[in-house]
Structures are given as C-alpha cells and as structure tokens.
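In the working numbering, the protein residues as written are 152 to 323.
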C-alpha cells in the first residue's frame, strides 16, 4: 500500500481539506498518525495538552493515554524527531515542524493556551468548530491529501508508518 501525498509541501502551512470539509488539517493528523504509528481512533483522541515540543532537540513528544501495548493503563509517549536533514519528502513532511505549525495554528484560531487546563480537553486535530471529527470525516480528509493509492481507512496511518520505518531499516 503506497501513499502519494499531493503538492510541493506548501500545504504544510495549512492543508485545510476540500471545500466544506470539517477538519482543519488532515495532513497534520495523517503525518502525526503515520510517524506515531497511530490508528484513527488514537489520533482523534489526542488533545492539545498531549503534545510537548522540545525546540532545542527538535523533538515532539506525544502522549498516548490509551494504547494497545499499554497493559498498565499509564499511557505511553511517542517521540517524533525532526526529519528536515533527510531532504526531499522527509523535509516537506517533517513531523516535528508540521506539528509545531499545527499547534500554533490551532492555538491561534481557537484562542487556547496549550499549557492551560482547557488544552487537556481540546482536540489536537479539531474540526472548524473545535470538536473532534467523526471517524468518517477524518478518513475523508486523509483521502483528500492523497494523489494515488488505495482509499484510506482508520488503520492507514499506522500501516503506512510501519512500512515507512521498515524501509528505513528501523524497528518501530
């Protein structure tokens, strides 16, 4: 299953989805889901306060409060490193910079401080009205950013991410 992401990377500033689409940034949710090996349900459950940016190390840490591998129920953290130094596709779809820009955009658009109590309840990937997109709408948004390949499903970011890491020779 191969995914071709549209464009030159300019849409990283604000991908927005097609006219009338409800999620504000399907590209960010797919890239974070892919690199974090998340399914749609885990991506949709993410909240603003679940993200910590370490600017000096250029690492974004994403708390996953619920995970299949977390038998103790304490949550787990996925760390997404900057991939700009790899060039090409890696630089255009760098998970650290996409997430950094996305956080700025969401906090500005909805007047939320990412360190506030409100951020614990606010979706990381909200709709234009500040709610969590329905599963079908999140997947519809992912389909809008692909220029080739099969139709997206709730497991597409996780599958795509596993293949991505395998191609790099990494063991996720």
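Glycine is no exception: its CB is placed at the ideal position from the N, C-alpha and C atoms.
The structure displayed is predicted, hence computed values, not measured ones.
In whole angstroms, what separates the C-alpha of residue 348 from that of residue 185?
Shown here, the chain extends from 152 to 323; a query on residue 348 therefore has no answer.
May I ask you to list the residues that DSSP assigns as paired with residue 205?
Sequence index remark: in the chain shown, residue 205 carries index 54 (1-based). DSSP lists 210 as partners of residue 205.
Among the candidates 210, 237, 271, 247, whose CA atom is the shortest distance from the CA of residue 319?
As a first step, residue 319 must be located in the chain shown, where it is residue number 168. Nearest option by C-alpha distance: 237.
Checking 8 Å against the spacing of the C-beta atoms, do residue 245 and residue 258 come in under that value?
Within the chain shown, residue 245 is the residue found at index 94, counting from 1. Within the chain shown, residue 258 is the residue found at index 107, counting from 1. Not in contact: residue 245 and residue 258 (Cβ atoms no closer than 8 Å).
Taking all protein chains shown into account, decide if residue 283 is buried (16 or more other Cβ within 10 angstroms of its Cβ) or exposed.
As a first step, residue 283 must be located in the chain shown, where it is residue number 132. It is buried - the Cβ of residue 283 has at least 16 other Cβ atoms within 10 Å.
With DSSP collapsed to three states, give me the class of residue 274.
Translated into positions along the chain shown, residue 274 becomes position 123. Correct three-state label for residue 274: strand.
Going by other Cβ atoms of all chains shown within 10 Å of its Cβ, with 16 needed for buried, is residue 208 buried or exposed?
Within the chain shown, numbered from 1, the residue matching residue 208 stands at position 57. Exposed.
In this structure, does DSSP put residue 215 in helix, strand or coil?
The sequence position of residue 215 within the chain shown is 64, counting from 1. Correct three-state label for residue 215: strand.
Would DSSP call residue 297 helix, strand or coil?
Here residue 297 corresponds to residue number 146 of the chain shown, with the count starting at 1. Reduced to three states, the DSSP call for residue 297 is strand.
Short of 6 Å in beta carbon distance, which residues of its chain neighbour residue 203, apart from the five on each side in sequence? Order them along the chain.
Along the chain shown, one-based indexing puts residue 203 at 52. Closer than 6 Å at the Cβ level, and outside the excluded window around residue 203, lie 212.
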